[in-house]
Structures are given as C-alpha cells and as structure tokens.
Amino acid sequence: MQFDVELADEAATVAWGERLGQGLDSPCLVFLDGELGAGKTTFSRGVLRAFGYQGAVKSPTYTLVEPYELAEQTLYHFDLYRLGDPEELEYMGIRDYLNGNAICLVEWSGRGAGILPSPDIRVNIVQQGLGRKLTLQAESERGKQLITKFKAL
1 MQFDVELADE AATVAWGERL GQGLDSPCLV FLDGELGAGK TTFSRGVLRA
51 FGYQGAVKSP TYTLVEPYEL AEQTLYHFDL YRLGDPEELE YMGIRDYLNG
101 NAICLVEWSG RGAGILPSPD IRVNIVQQGL GRKLTLQAES ERGKQLITKF
151 KAL
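Start counting the sequence shown at 1; every next residue gets the next number (full-length UniProt numbering).
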C-alpha cells in the first residue's frame, strides 16, 4: 500500500509530518529515506509536533539518536548517516530502542542493513524544484493500517 503527495515547501513538509504523527501509535518503526537535504529532519519535526513537542529538532548525525520523552509518548529520532558499520547499532543497544514501546524514526536506514528489521512505514522524500514529493509505503500489516488511518485524517 502506498500514498503519494506533492509538498510545496518546508511548511508543507512539517504539516504532513504532523499529519502522519497524528495517526501513529507505538510501537512503530518509520524509515525516512531521501537524499541529503531532502527534508527528512523537517518531516520528523512535524511528527514530533503531533505529540506536542515544540522545541528545535536537529538531525542527530553525530549522536546517532535523539530521545524525546514526551507526556504521552517516547520517540527516538535516529540518523545513521555517519554510521561506519551496521554492527555499531548492536553496540549502542538498538534492540532495546526497537523492542520498547516507542516510535522510532530512522534516517539513512540503509546504513543499518542487516541489523534493522523491516519498518512499518517507509517515507521517501524527493526534492522537486522548490517542493518535494512524499511517498509513504506500508511494509507491514501494521503499516497498512497506519496508512489507511493516515488517509482518513
């Protein structure tokens, strides 16, 4: 199951991230794919806003993970861009993050191939001129349910 939408600008990217966030519940694994600067972190900011987070959202490029302990939900924002080897995820305890009751957003998921499980939803963001194309792809039964819920919002 797939859902596509054209995004005019950064504000639309945040808004659609928030829209997806409104449909998410835990546990959930979301992969965020796209080239450098495509808007993965911008989209993540929208997801976090859906849970009431209003602070700055920066890409955790150097720390690999940024935890957000919110009133009703825990979210982990991963950026694997600088990951040297997928085995490093084992050393940082990735299974503890994924086996908990949290929503995990993972940028550059391909760098964790062989260690990361399949996501519930894969979000692909492609720059198109000044805008972006957003594609949501369900990769699990849970993902199909979430996209169905997302389309209804």
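All C-beta atoms, glycine included, are put in the ideal place defined by N, C-alpha and C.
Use the C-beta contact count for residue i: other C-beta atoms within 10 angstroms, 16 or more gives buried, fewer gives exposed.
i: glutamate 87; result: exposed
i: tyrosine 76; result: buried
i: leucine 36; result: exposed
i: arginine 132; result: buried
i: glutamine 2; result: exposed
i: glutamine 73; result: buried
i: valine 57; result: buried
i: glycine 55; result: exposed
i: alanine 138; result: buried
Ordered along the chain, which non-local residues of its own chain (more than five positions away) have a Cβ less than 8 Å from that of residue i?
i: alanine 113; result: Pro86
i: residue 155; result: Residue numbering for the chain in the displayed model covers 1 to 153; residue 155 lies beyond these limits and cannot be assessed.
i: alanine 15; result: Gly46
Closest to residue i by C-alpha separation, out of the options, would be which residue?
i: glycine 46; options: Pro67, Gly129, Thr74 and Gly21; result: Gly21
i: alanine 152; options: Tyr81, Ala8, Glu6 and Leu24; result: Leu24
i: glycine 110; options: Gly84, Asn99, Asn101 and Gly129; result: Gly84
i: serine 59; options: Leu130, Tyr97, Val5 and Tyr81; result: Tyr81
i: alanine 50; options: Ala38, Tyr68 and Gln128; result: Tyr68
i: threonine 13; options: Val126, Glu139 and Ala138; result: Val126
i: tyrosine 53; options: Leu70, Gly39, Thr41 and Lys40; result: Leu70
i: lysine 40; options: Gly129, Asn124 and Ala138; result: Asn124
i: alanine 38; options: Gly93, Gln128, Thr63 and Ile147; result: Gln128
For residue i, which residues in the same chain have their Cβ closer than 6 Å to its Cβ, ignoring the five residues on either side in sequence?
i: valine 106; result: Phe31 and Phe78
i: glycine 17; result: Phe43, Gly46 and Val47
i: isoleucine 103; result: Leu24, Ser26, Cys28 and Leu75
i: glutamate 66; result: Pro60 and His77
i: alanine 8; result: Gly131
i: asparagine 101; result: Ser26 and Pro27
List the DSSP bridge partners of residue i.
i: asparagine 124; result: Asp33 and Thr135
i: leucine 24; result: Answer by DSSP bridge pairing: none, since leucine 24 is not bridged.
i: glutamate 6; result: Lys133
i: isoleucine 115; result: The partner list for isoleucine 115 (beta bridge, DSSP) is empty, contrary to what the question assumes.
i: valine 106; result: Phe31 and Phe78
Which same chain residues end up closer than 7 Å to residue i when comparing Cβ atoms and leaving out the 5 residues on each side of it in sequence?
i: glutamate 6; result: Gly131 and Lys133
i: tryptophan 108; result: Asp79, Leu80 and Tyr81
Spell out a yes or no on whether the region 113-123 and the region 138-146 are touching, meaning 3 or more CB-CB pairs, one atom from each, closer than 8 Å. As far as the Cβ criterion goes, the region 113-123 touches the region 138-146, which means the pair count is three or higher.
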